[in-house]
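K.L.:
In the numbering used here, the protein residues as written are 3 to 162. My questions all concern the structure below.
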């Protein structure tokens, strides 16, 4: 079992500034994962990390539609093997722009959520479209990543 935990220190937060949301993925078993890559947030490649922010049940921030399918390579070094209970920040090499740039413009209870989707139809949907090397080795590792679609529990942040 894998879960995604979102946290934000302190609070309540003032309107007009981004909320410092951190992400942690934790597994109850030994698992191989890949963090956020270019194209992960907009859904143009796997793994997909899809953040949203809602206010009153209405989505107020989400990734834009994919613009450029020319994403960089998936490298052997992008794979991380987690031990049971070991937390992993998938945003260590690439941040989630939706969380980084969203600025709540008024008071309220904002719900931050993140969905991780690894349910690709083919392993090739993980590969980069520019500069991809080590294809056989990378595809072997992609096949070891568990196929799942999970969403974090909402992180409710109060904006004043």
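Even for Gly, the Cβ is constructed at its ideal location relative to N, Cα and C.
(1) I need the boundaries of the alpha helix (DSSP H) containing residue 104, first residue and last residue.
(2) Distance check for residue 69 and residue 142, CA to CA, integer angstroms please.
(3) Using a 10 Å radius around the Cβ and a threshold of 16 neighbouring Cβ atoms, would you call residue 67 buried or exposed?
(4) Between which two residues does the beta strand (DSSP E) carrying residue 137 extend?
(5) Taking all protein chains shown into account, do 16 or more other C-beta atoms lie within 10 angstroms of the C-beta of residue 27, making it buried, or fewer, making it exposed?
(6) Between which residues of its own chain and residue 113 is the CB-CB distance below 6 Å, once the five residues before and five after are set aside?
(7) Under the rule that 16 or more other beta-carbon atoms within 10 Å means buried, what is residue 124, buried or exposed?
(8) Once the 5 residues before and after residue 107 are set aside, which same chain residues still bring their CB inside 8 Å of it?
(9) So for residue 40, helix, strand or coil by DSSP?
(10) On the CB-based measure, 16 or more other CB atoms within 10 Å of its CB, does residue 46 come out buried or exposed?
(11) Quick check: the stretch 77-85 against the stretch 20-36, are at least 3 beta-carbon pairs closer than 8 Å?
(12) Give the DSSP bridge partners of residue 53, in chain order.
(13) So, is residue 42 buried or exposed, given that buried needs 16 or more other C-beta atoms within 10 angstroms?
(14) In terms of residue numbering, what span does the beta strand (DSSP E) encompassing residue 24 cover?
P.N.:
The answer reads as follows:
(1) Looking at the DSSP string, residue 104 is not in any alpha helix (DSSP H), and its letter there is neither H nor E.
(2) 29 Å
(3) exposed
(4) Unbroken run through residue 137 is the alpha helix (DSSP H), 137-144; no beta strand (DSSP E).
(5) buried
(6) 56, 156 and 158
(7) exposed
(8) 17 and 18
(9) coil
(10) buried
(11) yes
(12) 116
(13) buried
(14) 24-29
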